[in-house]
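Heads up, the thing below is written out as structure tokens.
Numbering (full-length UniProt numbering), first residue to last: 1 to 110.
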């Protein structure tokens with residue numbers, strides 16, 4: 001991924017020994033509580049970052065939002081409109097129904 005874009009300033013995490021970065025913005029939920037004593041936060045969404053790294057952003061989306069500002073929102077709205085138009089013309093996908101196993105067959109008692 002680093003061959004195609006500049007990932008400097010984005011928080012990296014290690015999962016199964018591989019360095020990864022988040023693509024989408026880290027959304028805060030009810031379980032994630034902000035602590036006041038954290039010194040490093042994402043510049044866009046204020047997600048807590050690792051204090052030992054020099055990262056400024058928590059994800060690629062936050063870095064783009066910082067660089068592009070409101071232009072990113074306009075691009076995302078336009079892509080959602082084209083996705084909605086293409087969904088209407090497509091045929092609905094039929095889901096396979098899973099059959100139940102039924103009653104278990106036991107060996108007769110002798």
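Yeah, the Cβ is synthetic: ideal placement off N, Cα and C, and Gly gets one too.
Subject >> Within 9 Å, strictly: CB atoms of residue 50 and residue 25 >> reply: On the chain shown, position 50 is the one that residue 50 refers to. On the chain shown, position 25 is the one that residue 25 refers to. In this structure, residue 25 does not lie closer than 9 Å to residue 50 by Cβ.
**OP:** Assign residue 65 to one of two classes, buried (16 or more other C-beta atoms within 10 Å of its C-beta) or exposed (fewer than that).
**Re:** Here residue 65 refers to the residue found at position 65 when the chain shown is read from its first residue. With 16 or more other Cβ atoms within 10 Å, it is buried.
Original post:
Opposite residue 77 in the DSSP bridges: which residues?
Top reply: Here residue 77 refers to the residue found at position 77 of the chain shown. Note: residue 77 sits in no beta bridge, so no partner.
Original post:
From what residue to what residue does the beta strand (DSSP E) around residue 20 run?
Top reply: In the chain shown, the residue the question calls residue 20 occupies position 20. Taken as a continuous stretch (DSSP letters only), the beta strand (DSSP E) holding residue 20 covers 18-20.
Original post:
Looking at the structure shown, is residue 97 part of a helix, part of a strand, or coil, going by DSSP?
Top reply: For the purposes of this step, residue 97 is taken as the residue at position 97 of the chain shown. If DSSP states are grouped into helix, strand and coil, residue 97 belongs with coil.
Subject >> Exposure of residue 18, with buried meaning 16 or more beta-carbon neighbours within 10 Å >> reply: In the chain shown, the residue the question calls residue 18 occupies position 18. Exposed: under 16 other Cβ atoms inside 10 Å.
Original post:
What number of angstroms, rounded off, separates the C-alpha of residue 57 from the C-alpha of residue 45?
Top reply: Here the question's residue 57 lines up with position 57 in the chain shown. Here the question's residue 45 lines up with position 45 in the chain shown. Residue 57 and residue 45: Cα-Cα distance of roughly 8 Å.
**OP:** Would you decide whether residue 61 is buried or exposed? Buried here means 16 or more other CB atoms lie within 10 Å of its CB.
**Re:** Position 61 of the chain shown, counting from 1, holds the residue named residue 61. By the neighbour-count rule (16 or more Cβ atoms within 10 Å), residue 61 is buried.
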